[in-house]
Amino acid sequence: MKPLISLLTLLLTLSGCNSTPKPVLINEIKFKDSAFERCIKKLDVEEVDQVTHIICNYGDIQDVSELGYFTQAQDVQFVENNIERIDLSSLPQLKRLTVSGNSLTTIDVSSNPQLEFINISRNALTELDLSNNPKLAGLYAYQTQLEELELGHLTELKRLGVSQSQLTDLDLSQSYKLEELIVTGANLKELDVSHLTRLRHLELPNNQLKQIILKTHPQLVMLNVRNNQLQDINLSGVSRVNRVMASFNQLSAINLSALPLLHDAELNNNNISQLDVQYNKQLTRLLAFNNPLVSFTRDDNQEIKYLSIEGTPVAKAHFEDDALGAVIPTVTVLKGGKKPSIKDNFRPLYSQIIAPELGDFIGFQYKVTTNSNHGRSETFPITVRVTHPPIKSAGNQKTFTVSSWPDTMFEHDRNQALWQFSSPEELVAGVWTFEIIYQQRVLAEHNFVVQTDDESVFVDAAQREESFTLFDSVIDGTNMLCHDERFYQCLNIESAQACHKTLVPFESDCKAKALKQTHQVFQYRVGNTLEQLKRYDTFYLACLAEGKLEQVDGDMEQFADCLLAD
């Protein structure tokens, strides 16, 4: 028997040697990722089981394979790293998980029944199984691609935020404790929130909602249903609401009389013909422009600081003697380009050709002046309109070429019109045109050419020079073309100076026409920056020439032959 016992003992010993024991001390862990290692070793503990909070944000971490050693972790945060895979199966005590801004395509939280909060925003996730997370109280999944989300069993859910998803419906039937509900840029067509009596914040913009069922929500203070397809909305049970955003719908009427605390309302771009705000004594901002408004009722003593009803019949009827906007401001573009954040300065550009990255802003800073002698600084409700190459909506895959939003400009030189590239779908190459619109008038316009990394543009010096030369004509117009001796001679103009003077009257209209024609050409097909610039330049040059030749009954074909002659 002794040989047999000895053999068994040897086998057991060998098998034990092949297993890797869990490290007791943090210093015993062999990390694959040095950035993760640095973060963990900053913790003021020595033993692995003493670690309850792992906060490793903005660290350029790629590999977190050793996370499973920290079985007592209750709070794990990896914000804005480069993590593609994360294993949470060994963290049964986990209560809070924040992995926003990574490269995750899947995530498994089935082994974490204690989870109370999850933030998976800005990841390429298409699905999320929460069936084993009954304690979940907060879920944020902004800028994901979730196709469905089963929430029916989450009775503790209080906060839900989802954006740019593929969701077509949302079951909130058991989520009675919801206080904050934000679902933007999805495909929701109908939503019943009538039973959610604890709601304080309800935001559902940029969906396809044709109906929203509201009843009694005594705690609701914020309602945003902007850019949907709503034809009516019942506000009788939301008396504490102080802000309503319902612009860009199909509303034919809206009753605000039950909202005594309302101070901000955006109702522009609807079908509203009558509007009564006399019972909204605290109202300080009202945007109702671009409505067929024929009746507007307010209290005589009511002072609405920011009031915009331009583009409506009632505004036109009262324009001369009412304080609804008799002052027409002058807008001057000061500088523009790219900036990584709103607070940063515009990065200096030698050209308006811009190569933005995800998260960057493009746009311009502008000054507003008036001839007003009111003795106070004026404010103006405006629309910022951006015409751009085709962008596919992340939610419904529809293509659009014009984006606009309401804004307020002030009588100073610090106004900004900015677009943020918040999703990869928006990084499209071509000509981008920004316009400041007030009372249906374009007060300022500025053009940029966006170049993206995936373009086969500027592959050699010759193409680079050609592109910059073409863009000079986009920005400088006749100044550039009239430096070309052949151009003005073919138009029978004596000099560059005379050329500029002759063509300036046509410049603004020709830029607009050329831009419109270029967008029409590339509306349903993709073209790189150089191709679009060439097409724009052709349209622009032809328009200027036509303007001059029509004055003298000239021949367009003869002009073209002259330009092409050796």
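Taking the numbering used here, the leading residue of the sequence shown gets 209, the next gets one more, and so forth.
For glycine and all other residues, C-beta sits at the position ideal for the given N, C-alpha and C.
Since this is a predicted model, take the numbers as computed values, not measurements.
Given residue i, which residues of its chain have a CB within under 8 Å of its CB, disregarding the five upstream and five downstream residues?
i: residue 379; result: 358, 359 and 360
i: residue 387; result: 366, 367, 406, 407, 408, 409 and 427
i: residue 321; result: 300, 340, 341, 342 and 343
i: residue 319; result: 296, 297, 298, 299, 300 and 340
i: residue 277; result: 230, 231, 237, 256 and 298
i: residue 757; result: 699, 763, 764 and 767
i: residue 438; result: 417, 418, 419, 420, 454, 457, 458 and 459
i: residue 291; result: 269, 270, 271, 272, 307, 310, 311 and 312
i: residue 759; result: none
i: residue 616; result: 514, 587, 588, 589 and 590
Check whether the Cβ atoms of residue i and residue j lie closer than 8 Å to each other.
i: residue 537; j: residue 505; result: no
i: residue 607; j: residue 600; result: yes
i: residue 383; j: residue 363; result: yes
i: residue 275; j: residue 295; result: yes
i: residue 398; j: residue 417; result: yes
i: residue 298; j: residue 330; result: no
i: residue 324; j: residue 304; result: yes
i: residue 492; j: residue 512; result: yes
i: residue 445; j: residue 471; result: no
i: residue 333; j: residue 347; result: no
i: residue 642; j: residue 634; result: no
i: residue 718; j: residue 755; result: yes
i: residue 651; j: residue 539; result: yes
i: residue 317; j: residue 281; result: no
i: residue 443; j: residue 469; result: no
Do you know offhand how far residue i's Cα is from residue j's?
i: residue 748; j: residue 507; result: 51 Å
i: residue 236; j: residue 326; result: 30 Å
i: residue 705; j: residue 351; result: 53 Å
i: residue 521; j: residue 594; result: 26 Å
i: residue 576; j: residue 591; result: 15 Å
i: residue 711; j: residue 574; result: 26 Å
i: residue 629; j: residue 564; result: 8 Å
i: residue 693; j: residue 596; result: 33 Å
i: residue 315; j: residue 336; result: 7 Å
i: residue 450; j: residue 252; result: 46 Å
i: residue 709; j: residue 700; result: 14 Å
i: residue 248; j: residue 257; result: 13 Å
i: residue 255; j: residue 273; result: 18 Å
i: residue 465; j: residue 483; result: 10 Å
i: residue 572; j: residue 627; result: 10 Å
i: residue 646; j: residue 716; result: 18 Å
i: residue 279; j: residue 411; result: 37 Å
i: residue 396; j: residue 421; result: 13 Å
i: residue 614; j: residue 703; result: 45 Å
i: residue 524; j: residue 518; result: 7 Å
i: residue 543; j: residue 720; result: 21 Å
i: residue 389; j: residue 413; result: 11 Å
i: residue 381; j: residue 547; result: 44 Å
Whole-angstrom Cβ separation of residue i and residue j, contact assumed at under 8 Å?
i: residue 502; j: residue 516; result: Residue 502 to residue 516, Cβ: 17 Å. No contact.
i: residue 370; j: residue 401; result: Residue 370 to residue 401, Cβ: 14 Å. No contact.
i: residue 656; j: residue 570; result: 6 Å
i: residue 155; j: residue 372; result: Only positions 209 to 774 of the chain appear in this structure, which leaves residue 155 out of reach.
i: residue 598; j: residue 495; result: Their Cβ separation, rounded to whole angstroms, is 28 Å, which puts residue 598 and residue 495 out of contact at 8 Å.
i: residue 328; j: residue 345; result: Actually they are not in contact, since the Cβ atoms of residue 328 and residue 345 sit about 15 Å apart, beyond 8 Å.
Looking only at its chain, what residues have a beta carbon closer than 7 Å to the beta carbon of residue i, apart from the 5 residues adjacent to it on each side?
i: residue 722; result: 744, 747, 748 and 751
i: residue 530; result: Any reading at residue 530 must be qualified, since the residue scores a pLDDT of 46, below 50, and its modelled position is unreliable; no value is offered.
i: residue 667; result: Note that residue 667 has pLDDT 38, beneath the 50 cutoff, so the model's placement of it is unreliable and no number is given.
i: residue 423; result: 402 and 445
i: residue 725; result: 747
If I measure Cβ to Cβ from residue i and keep anything under 6 Å in the same chain, skipping five residues before and after, which residues do I get?
i: residue 557; result: Note that residue 557 scores a pLDDT of 44, beneath 50, so its modelled location is shaky and nothing firm can be said.
i: residue 658; result: 562, 637 and 640
i: residue 283; result: 261 and 304
i: residue 286; result: 264 and 307
i: residue 288; result: 266 and 309
i: residue 271; result: 240 and 241
i: residue 268; result: 243
i: residue 770; result: 698
i: residue 453; result: 432, 434 and 474
i: residue 478; result: 457, 459 and 499
i: residue 415; result: 394, 396 and 436
i: residue 660; result: 635 and 637
i: residue 430; result: 409 and 451
i: residue 510; result: none
Of all the CB atoms in chain E, is at least one closer than 8 Å to the CB of residue i?
i: residue 409; result: Checking the listed chains, one finds no chain E in this structure; it contains a single protein chain.
Item to complete: Take every Cβ of the segment 469-488, pair it with every Cβ of the segment 618-632, and state whether three or more of those distances are shorter than 8 Å.
Response: no
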